[in-house]
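Counting with mature numbering (1 follows the signal peptide of the UniProt record, and there is no 0), you get residues -19 to -1, 1 to 279 for the letters of the sequence shown.
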Amino acid sequence: MKKIVFLIAVIFNYVTANAQDFQGVAYYESKTTFDSDFGGRGREMTEEMKKRIAERMKSMFEKTYILTFNRSEATYQEEEKLETPGQGGGGPRFGGFNSSGDYYKNVKETRFTNQKEVFGKVFLIKDSLPKLEWQMGTETKKIGNYTCYKATAIRSVDPLDFRSMRPRPPKEDEEEADKPEEKAQDTVKRRSPLDMVETPSEITVTAWYTPEIPVNMGPGEYNGLPGLILEVSADKTTILCSKITLNPENKEEIKEPSKGKEVTQEEFNEILKEKMEEMRERFQGGNGRRDGGGRRPF
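(1) On a Cα-Cα basis, can you pick out the residue from Asn95, Val99, Thr119 and Val138 that is closest to Leu113?
(2) For Met260, which of helix, strand or coil comes out of DSSP?
(3) Can you name the start and end residues of the beta strand (DSSP E) that Ser182 belongs to?
(4) Check Glu153 in the structure and name its three-state DSSP category.
(5) Across which residues does DSSP place Met117 in a beta bridge pair?
(6) Comparing C-alpha positions only, which one of Glu10, Glu29, Phe100 and Thr14 sits nearest to Met260?
(7) Quick test of your reading: Thr94 and Glu248, contact by CB under 8 angstroms. State the CB separation rounded to the nearest angstrom.
(8) Could you give the distance in angstroms between the alpha-carbon of Arg263 and the alpha-carbon of Glu179?
(9) Taking just the CA atoms, how far does Asn228 sit from Tyr130?
(10) How would you call Met198, buried or exposed, if buried means at least 16 neighbouring beta carbons within 10 angstroms?
(11) Considering Leu209, what are the terminal residues of the beta strand (DSSP E) in which it resides?
(12) If you run the structure through DSSP and keep just helix, strand and coil, what is Asn250?
(13) Judging by CA-CA distance, which residue of Val186, Gly205 and Glu202 is the nearest neighbour of Ala134?
(14) Nearest-angstrom Cα distance between Gln58 and Lys122?
(15) Using the beta-carbon count (16 or more within 10 Å), is Asn204 buried or exposed?
(16) Among Lys242, Ser214 and Thr226, whose alpha-carbon lies nearest the alpha-carbon of Thr13?
(17) Count the other CB atoms within 10 Å of the CB of Asp2; is the residue buried (16 or more) or exposed (fewer)?
(18) In the structure shown, what three-state DSSP assignment does Glu98 receive?
(19) What does a CB cutoff of less than 8 angstroms around Ile124 pick up in its chain, not counting 5 residues either side in sequence?
(20) Strictly by DSSP, which residues pair up with Val88?
(21) Hey, out of Thr128, Gly5 and Ile225, whose CA is closest to Glu54's CA?
(22) Going by the beta-carbon positions, is the gap between Phe104 and Gly201 smaller than 7 angstroms?
(23) For Phe50, collect the residues of the same chain with a Cβ closer than 6 angstroms to its Cβ; drop the 5 residues on either side in sequence, then sort them by chain order.
(24) Pop quiz: Ile194 and Thr56 are said to be a contact at Cβ under 8 angstroms. What is the actual Cβ separation, rounded to whole angstroms?
(25) From Glu243 to Val88, what distance separates their C-alpha atoms?
(26) Whole angstroms is fine: what's the gap from Pro207's alpha carbon to Arg52's?
(27) So what does Ser11 bridge to, in DSSP terms?
(28) Residues in its own chain within less than 7 angstroms of Ser182 by CB, not counting five upstream and five downstream?
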């Protein structure tokens, strides 16, 4: 009996050690499409202006990310690339916002930490992982050498999620045509960049996962399926795995970001809204000043 108990203990310790030592690295190509006619307002732009905006949007929304994961933790980071000459510099930013950041998640503790930068200020967003009610399907397809199964879910969208923003139809242009006395002032407000976009409240997410890699992981905030998620289609964004290495020879330490002002997701959204309001005011000639020139600090 002692020998049997000892053997069970040895097997348990071996399995536990292997589970803790397991690691994988997956590369994902992320692409977000955008309206090249800018919601019908393309006629107001020169071809050169359209070209510059399209190039900038491409650099913002076509990126490679690296998911480093074990059975309970993962980091999701943008792959570092040398900047192409003539692209304007500044990194992955839109109006001063860092569009990527270091993302850490712990599926066992159902929480995440996202390090982001806004106008030179670093924030540490700590909150619970969003829970998706996945509808499991029987449809399959091959992604590389892996057989993947389809799952879908409805996800609420953050109003400040640039990936799902879309131009508003320029209906006001026709409605205000008969009001010349108001047109000059209203046109400035109507054509503010932040007033020209809208975000849906919900989107459908389609994921393809493989049980051949039995970990509850996926790119970014996605997880919750009985296998590694290799592809995600969410509104205008597609994230596709291009390469996987399991148990690499040189394992990397999965580190949770620790530098920055700690806030919840809701608190960070309020900060973003404030900064976007300042951008709106500067665009409209207010120079982002309030109450006699004061500017709200972070």
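Just so you know, even glycine gets a beta-carbon here, dropped at the ideal spot from N, CA and C.
So, from the listed chains and residues:
(1) Of the candidates Asn95, Val99, Thr119 and Val138, the one whose C-alpha sits nearest the C-alpha of Leu113 is Val138.
(2) It is helical.
(3) Neither: Ser182 is in no beta strand (DSSP E) and is coded neither H nor E.
(4) Caution is warranted here: a pLDDT of 49 is assigned to Glu153, below 50, making its placement in the model unreliable, and the coordinate value is therefore given only provisionally. Glu153 falls in the helix class under three-state DSSP.
(5) Answer is Ala132, bridged to Met117.
(6) Closest option to Met260, Cα to Cα, is Phe100.
(7) Between Glu248 and Thr94 the Cβ distance is about 14 angstroms, and since that is not below 8 angstroms, they are no contact.
(8) Computed Cα separation, rounded: 20 angstroms.
(9) Inter-residue distance for Tyr130 and Asn228 is about 23 angstroms (C-alpha atoms, whole angstroms).
(10) Buried, by the Cβ-count rule.
(11) It spans Leu209 to Ala215 - the beta strand (DSSP E) in which Leu209 sits, taken as one unbroken run.
(12) Correct three-state label for Asn250: helix.
(13) For Ala134, the nearest C-alpha among the options comes from Val186.
(14) Spanning the two alpha carbons is a distance of roughly 27 angstroms.
(15) A buried status is given to Asn204, since no fewer than 16 other beta-carbon atoms sit within 10 Å of its beta-carbon.
(16) Shortest Cα-Cα distance from Thr13 to any of Lys242, Ser214 and Thr226 involves Ser214.
(17) With fewer than 16 Cβ atoms within 10 Å of its Cβ, Asp2 is classed as exposed.
(18) Here DSSP, grouped into helix, strand and coil, assigns Glu98 to strand.
(19) The answer, listed in chain order, is Trp189, Thr191, Leu211, Glu212, Leu221 and Cys222.
(20) Partner(s): none; Val88 has no beta bridge.
(21) Looking at the Cα atoms, Gly5 is the closest of the given residues.
(22) For Phe104 and Gly201, no; Cβs fall outside 7 angstroms.
(23) Taken in chain order, the residues that qualify are Gly5 and Met198.
(24) Rounded to the nearest angstrom, the Cβ distance from Ile194 to Thr56 is 17 angstroms, too far for a contact under 8 angstroms.
(25) Each residue's Cα considered, the two are about 20 angstroms apart.
(26) Rounded to the nearest angstrom, the two C-alpha atoms are 12 angstroms apart.
(27) Per DSSP, the beta-bridge partners of Ser11 are Lys44 and Ile220.
(28) Excluding sequence neighbours, Ser182 sits near Ser137 and Val138.
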